[in-house]
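Notes follow the structure.
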Amino acid sequence: GIPSPDEDGPRIINGRVVSKDELQGVSVGSAGGWKLEVFPGDFVVHRKYGIGRFEKTVLKPKTKLTDEEKHAKNERRKELVQQAMKAGQNSTAIQEMVKT
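Position 57, counted from 1, in the sequence shown is what UniProt numbering calls 57; the numbers after and before it change by one each time, with no gaps.
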């Protein structure tokens, strides 16, 4: 049947199938008891870039890790290697796993 508005999954808006991710609004501000959300397809005015249509947010991966994050990453990597060795994986498979 036709999905109801409260179901997860794609919806049809203006004759177009739109995924749930595309429907996610981004909170851009709040003050004095009101909130402002921007949704994909909305026209916005930006101080630096001017007027345009909002498409999506872009998440950039963090390039510099703190010392605490580096330590946690190394500890987790050790755990994964030990689990793989116990499972009997060969060394090339383990190297591929920890390469990234």
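Using N, Cα and C, we set each Cβ at its ideal position, and we do this for glycine too.
Once you ignore the five residues that flank residue i on each side, which residues in its own chain have a CB closer than 7 Å to its CB?
{"i": "VAL38", "result": "GLY25, VAL26, VAL28, VAL44 and PHE54"}
{"i": "ILE51", "result": "PHE43 and VAL45"}
Residue i to residue j, Cα distance in whole Å?
{"i": "HIS46", "j": "LYS56", "result": "14 Å"}
{"i": "GLY32", "j": "LYS48", "result": "25 Å"}
{"i": "LYS86", "j": "GLU68", "result": "27 Å"}
{"i": "THR92", "j": "LYS73", "result": "20 Å"}
{"i": "ARG77", "j": "LYS70", "result": "10 Å"}
{"i": "LEU36", "j": "LYS64", "result": "32 Å"}
{"i": "GLU79", "j": "ILE94", "result": "12 Å"}
{"i": "GLY41", "j": "GLU96", "result": "41 Å"}
{"i": "THR66", "j": "ARG16", "result": "44 Å"}
For residue i, which three-state DSSP category applies?
{"i": "GLU55", "result": "coil"}
{"i": "ARG47", "result": "coil"}
Leaving out the 5 sequence neighbours to the left and right, which residues in its chain are closer than 6 Å to residue i when beta-carbon positions are compared?
{"i": "ASN14", "result": "none"}
For the alpha helix (DSSP H) that residue i lies in, which residues bound it at each end?
{"i": "ALA72", "result": "67-86"}
{"i": "GLN89", "result": "Segment: none, GLN89 is in no alpha helix (DSSP H) and carries neither H nor E."}
Tell me where the beta strand (DSSP E) around residue i begins and ends.
{"i": "LYS35", "result": "34-38"}
{"i": "GLY29", "result": "26-31"}
My understanding is that residue i touches residue j, with C-beta atoms under 8 Å, so please give their C-beta distance in whole angstroms.
{"i": "VAL81", "j": "VAL58", "result": "In fact, because the Cβ distance is near 33 Å, the residues do not count as touching under 8 Å."}
Please work out which residues of its chain come closer than 8 Å, Cβ to Cβ, to residue i, disregarding the five sequence neighbours upstream and downstream, and give them in chain order.
{"i": "SER30", "result": "LEU36"}
{"i": "residue 123", "result": "Outside the displayed range of the chain (1 to 100) lies residue 123, so it cannot be described from this structure."}
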